[in-house]
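Since the structure comes first, as structure tokens, the remarks are kept for the end.
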Ligand SMILES: [Zn+2]
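The structure is reproduced here in structure tokens:
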């Protein structure tokens, strides 16, 4: 399992190298810079897919999902591309039903680990630690106030659940808010 520090660094480096280190993170620009095409597709129960061929790939995301969810899906597939695409040098295909899902019945240990890593990097890409801290400071936010969570979610263009989970992981927030 990739360490938290390594993961945060990868997110920050990826955003800076793709000219996307700002709020809200322009996740489509990150994809473009990494030679990933994007397409909204009628995917039914599937949130997103990633097809990788050498150093380029294609991401499909569910056209019926809300924009914040699509952004998380795109970020999740970018994370797979960044972390897992080059394994064995063979082309790979990822199909993600629920990007918040961390493996489960029938999933191999490797698949479960990859899902957990992709989920964590996806969160770090959309809500980089340094920018989250900066927004909280700049807007003098009191995170005990639910409105602050909703405000931050809007700033980063993610769901309130996503930003709350991120704040918990970064230990900026110590308790689950009620929303
Ligand atoms: Zn995945």
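Numbering (the working numbering), first residue to last: 1 to 179. Glycine included, every Cβ here is placed at the ideal spot set by N, Cα and C.
For a quick check, are the C-beta atoms of residue i and residue j less than 9 Å apart?
i	j	result
residue 7	residue 117	yes
residue 54	residue 24	no
residue 41	residue 60	yes
residue 160	residue 172	no
With residue i as the anchor, note down where its beta strand (DSSP E) starts and where it stops.
i	result
residue 52	48 to 53
residue 176	Element bounds for residue 176: n/a, residue is neither H nor E.
residue 40	36 to 41
With distances taken Cα to Cα, identify the nearest neighbour of residue i among the options.
i	options	result
residue 63	172, 134, 52, 47	47
residue 67	51, 15, 156, 33	156
residue 129	22, 65, 18	22
By the DSSP assignment, the alpha helix (DSSP H) with residue i in it spans what residues?
i	result
residue 155	146 to 156
residue 59	Element bounds for residue 59: not the alpha helix (DSSP H) but the beta strand (DSSP E), 56 to 62.
When you compare only the Cα positions, how much space is there between residue i and residue j?
i	j	result
residue 37	residue 29	10 Å
residue 132	residue 115	23 Å
residue 183	residue 49	Only positions 1 to 179 of the chain appear in the structure, and residue 183 is not among them; the question remains open.
residue 158	residue 113	24 Å
residue 78	residue 44	21 Å
residue 35	residue 95	19 Å
residue 1	residue 162	22 Å
residue 33	residue 12	15 Å
residue 125	residue 83	13 Å
residue 123	residue 142	22 Å
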